[in-house]
Ligand code: SRM
Ligand SMILES: Cc1cc2nc3c(=O)[nH]c(=O)nc-3n(C[C@H](O)[C@H](O)[C@H](O)COP(=O)(O)OP(=O)(O)OC[C@H]3O[C@@H](n4cnc5c(N)ncnc54)[C@H](O)[C@@H]3O)c2cc1C
Ligand code: SF4
Ligand code: FES
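Residue numbers (our numbering), protein chains in the order written: chain A, 4 to 114; chain B, 544 to 1351.
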């Protein structure tokens, strides 16, 4: 069962950009692509926990600001030769609002 | 017994239902009511009517004879105002109550009007029906019209009026036109074509208010203060299903009137078709699915089994000379690959998005001849693995062997033009080679081929390869990144020579292989564009590395460092107190004196940045740009004010330089220093630009470094006055900005072009360079901290705080 909660208007996140949502168990980065799709990932790079929300978004990937790992926004998987994965969460846009799934809060393991 | 069928709305969908019914000989007595004072017509052809390519008579789909032959009772210009589902009656506007056995909704949609102040002024219209079209046609040449909305409808309205000589401006809120159907590259080409038709296009423009005079529209005011005068204002920003009547009648309604697969609403005797319906969560805005719905509705009415299935949709724009097509889903994605083909000379762009060997989406501009074939591949989910290599060239290329580019060049006649800019033919290049030119540089210097815009470089190399055979190896010049084969230098040349002022323009004209670049090329392009077109190009923060996007250096734990400017290394007790207070207030873990003669507050939380900046701004301190590819510090020594050896006011000159140069963006960081005498206490001879003061004036030297490479500067010029020193430094900075490759410090650039070339240019073009530098500074010489505090502070806060939500 998904339990969508309204987070904010889509326009609060720039295209090809990201903002963070604070949760009791750490920050989740919410990305908006050039095509207005949204994705939610843990805000911690699998390499050395770099804040992914500060990276450069291109296509459906983000480049970590610390050491340039490229992470897929869809799978959380590091691309190319790098190996690692960051947790992803359900996210969607409905009538111009960003929705996240409340159950992810419960499902998240403390990092 | 003959059933009574009442149809609400004579639109494109309901017209189709009736055709299907009568074609099948179904026995209904139909009463057709329409709010518009006319019967069914082809609404989508209003655009050709507007542009003068068709007349209204030509777009009528059903005329009086047809209604007569099928005994349809027509009540045009009459609206239905109420429905009683239990009694199975409708009430017409004049109070008549009519009974039905079956009822069909075909009420279409209502244009959405943004509730801007002034939206109810006379002269503010939508684009939906013949009345709107007539208003636009009546406008007449040389009147002004503003169209809000750069989607399909808005652009058709704009192009139609422009064809009639109206002075049209399109105002679009998003960064590129038709963003729902097109990617940026296609949007760029479309914009270019519309601008060629004389239409003014403003993207990323926010409307604020509609201004009027005596109750009539006068102008549109944008939120940046621009006023666009107009005699008519057309809003074409979207549609909303027309559900009011259904809702009041008590039918189930969401975004549209809910229908099942048989087009039946929540009442078994009521059907709905067209833009007013919602099916499986979707609403509709194009006719193709409406026609499918109409067929299903007719079958349902006749008691046949039928099912409406949603299909892939495609879009074309009905503007003469703008051939574009888009279909399917063309967002980037995991496991999705792009095949991009660009032919800059013909203005052609094609992009296919492929996943699991199936084409998922297609965008085309300029040459859409094959669009139906591609649409078929999308709809039928055809496996394309066998034709993948040649797929993008269309159906004509399937089956044959791929062309060898060298063979193609070899086959060209001697008079085939290779370099369009300089009019150089293949024969001239062959002659140059016969006379001894054996590489690209030599061909370029003897014939000028590829010397201007550079797009033909590859072709020239191929001519060399064909002519010289194995003696010539096509050099693999390092391209910017995987998105392009072009080098930084080639791209810079293109940006200047072809006047490319936006990123999509560069992607298109330089043949980018990806749809929108990557973290390597975007920051470089952003710099080139803002350096070359300071007025036209708008800086794109999303193409900048985090430090430059947030104007602070990111630390390994995700916090930031804050370094305010201390002009020329000079500070005051007030500034120091403000720094101390800020360090206390924001619990800054480390306060350090930097190697650049100022103070660094390290470990500031991202959310605190706007606050600490505001506090520092309050005592007049501004960003030190310690994070930028731009002016960093101007170090100084104490100079004549205090030092017994000082020859000139080195501190004063350093402060002046920093105040004139700060905020400027350069290919890499730019560090300066001014020493008061050759003892050089400010280490000026290992800076990008250093000044050594001497009795007779100022020695300006460039190309020093003390990082990964250690270099001593070389003398550029010696000048007599402070003013001249400042001008020479501005000129050389501008020359560096305009010519160097992104991420080359001055010494690297100097290694490529030579000190002599720089010297000559600075001597000859000093004033022009200074003027261009100043033009750019008129935009960029301002404090980004203050700007972000005012306009972007929100962006530094978390989007939402759910920390208080119980994690149960
Ligand atoms: C703060 C400071 C060190 C200090 O505590 O003194 C510093 C700190 C950094 N330097 Fe530096 N550099 C600092 C003076 C220098 C100097 C000395 C100078 O400017 O007189 C140099 C050598 C001179 C030169 O640049 O030629 C210097 C050569 C570098 C280099 C090598 C550049 C090169 O071209 O070889 C880098 C790496 C780069 O830019 O790619 C670098 C990069 C960095 C970065 C920005 C690393 C990064 O990208 O995150 C450091 C940021 C630390 C942080 O988290 O805030 N820093 N750095 C100095 C700030 C000066 C200022 O007030 O703005
Ligand atoms: C200028 C223009 C260009 C377009 N170009 C294209 C294109 O190129 N391709 C494409 O696929 N689509 C295009 N469209 C969209 C297409 O026209 C619509 O999708 C289609 O017309 C919708 O059909 P419909 O039957 O649902 O509604 P409509 O055709 O809008 O008909 C609804 C009718 O119901 C009447 N009505 C509403 N309420 C009542 C009531 N209470 N009582 C009586 N009557 C009522 C209205 O007056 C209206 O005449 C274009 C639209 C416009 C305006
Ligand atoms: S540069 Fe010369 S004058 Fe200035 S402090 Fe050093 S030694 Fe003194
Ligand atoms: S922490 Fe992300 S690349 Fe190193």
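Note that beta-carbon positions come from the ideal geometry of N, C-alpha and C, so glycine has one too. The structure presented is a predicted model; accordingly, all values stated were derived computationally and were not measured.
For residue 69 (chain A), the shortest separation between its Cβ and any heavy atom of ligand 4 lies below 7 Å. Nearest neighbour of residue 549 (chain B) by Cα position, chosen from B:646, B:557, B:605, turns out to be B:646. Placement of the Cβ of residue 674 (chain B) at a distance of 7 Å or more from every heavy atom of ligand 2 is found.
At the C-beta level, residue 713 (chain B) and residue 687 (chain B) stay beyond 8 Å of one another. Runs of the alpha helix (DSSP H) lying entirely within the segment 1191–1279 of chain B, each at least 4 residues long, are 1193–1204 in chain order. Taking residue 1200 (chain B) as reference, the option from B:1130, B:1182, B:1265 with the minimal CA-CA separation is B:1265.
Closer than 9 Å at the C-beta level to chain B, one finds no residue of the segment 82–97 of chain A. Taking each of B:1122, B:1144, B:1138, B:1182 in turn and checking the Cα distance to residue 1161 (chain B), the smallest one comes out for B:1122. The C-beta of residue 1154 (chain B) comes no closer than 8 Å to any C-beta of chain A. Against chain B, a Cβ distance below 8 Å from residue 17 (chain A) picks out 1084, 1085, 1338. For the segment 1056–1080 of chain B, residues whose beta-carbon sits nearer than 8 Å to a beta-carbon of chain A comprise 1057, 1058, 1059, 1060, 1061, 1062, 1065, 1066. Residue contact check for residue 44 (chain A) against chain B: no CB pair falls below 8 Å. Residue 1099 (chain B) belongs to the set of residues whose beta carbon lies under 8 Å from a beta carbon in chain A. Against chain A, the beta carbon of residue 976 (chain B) has no neighbour under 8 Å; the closest one sits roughly 41 Å away. When rounded, the separation of the alpha-carbon atoms in residue 545 (chain B) and residue 858 (chain B) is 41 Å. Cβ proximity to chain A below 9 Å picks out nothing from the segment 583–605 of chain B. Contact note: residue 1345 (chain B) reaches chain A through 8, 10, 24, 25, 26, 27, 31, 103, 105, 108, using a C-beta cutoff of 9 Å and chain order. Out of B:650, B:593, B:577, the CA that lies nearest to the CA of residue 621 (chain B) is found in B:577.
With at least 16 other beta carbons inside 10 angstroms of its own, residue 1091 (chain B) counts as buried. Ligand 1 never approaches residue 734 (chain B) closely enough for any of its heavy atoms to be under 7 Å from the residue's Cβ. The three-state secondary structure of residue 557 (chain B), taken from DSSP, is helix. Taking a cut-off of 8 Å on C-beta distances, the segment 1021–1034 of chain B does not touch the segment 16–26 of chain A, as fewer than three cross pairs fall below it. In terms of Cβ geometry, residue 61 (chain A) and residue 1062 (chain B) form a close pair [threshold 8 Å]. For residue 50 (chain A), the shortest C-beta to heavy atom distance toward ligand 4 is below 7 Å. Distance from the CA of residue 919 (chain B) to the CA of residue 663 (chain B), rounded to the nearest whole angstrom, comes to 45 Å. In terms of CA proximity to residue 1101 (chain B), A:67 leads the group A:28, A:77, A:67. Here the alpha carbons of residue 921 (chain B) and residue 928 (chain B) stand approximately 14 Å from one another. Restricting attention to alpha helix (DSSP H) runs no shorter than 4 residues, the segment 659–707 of chain B encloses them at 673–680, 695–706, ordered along the chain. Between residue 904 (chain B) and residue 872 (chain B) the beta-carbon gap is near 5 Å, inside 8 Å, which marks them as a contact. The beta carbon of residue 682 (chain B) lies closer than 7 Å to those of 688, 704, 709, 774, 775 in the same chain, with the five residues before and after it left out.
Listed in chain order, the non-local C-beta contacts of residue 90 (chain A) below 8 Å within the same chain comprise 44, 45, 79, 111, local neighbours out to five positions each way being set aside. Within the same chain, 909, 910 come within 8 Å of residue 889 (chain B) by CB-CB distance, once the 5 residues on both sides are set aside.
Taking a cut-off of 8 Å on C-beta distances, the segment 589–607 of chain B does not touch the segment 94–106 of chain A, as fewer than three cross pairs fall below it. Counting along the chain, the unbroken alpha helix (DSSP H) around residue 1046 (chain B) starts and ends at 1046–1052.
Counting only residues of its own chain and dropping the five nearest sequence neighbours on each side, residue 655 (chain B) has a CB closer than 7 Å to the CB of 780, 781, 782, 783. Close to residue 60 (chain A), with beta-carbon spacing below 9 Å, are these residues of chain B in chain order: 1062, 1085.
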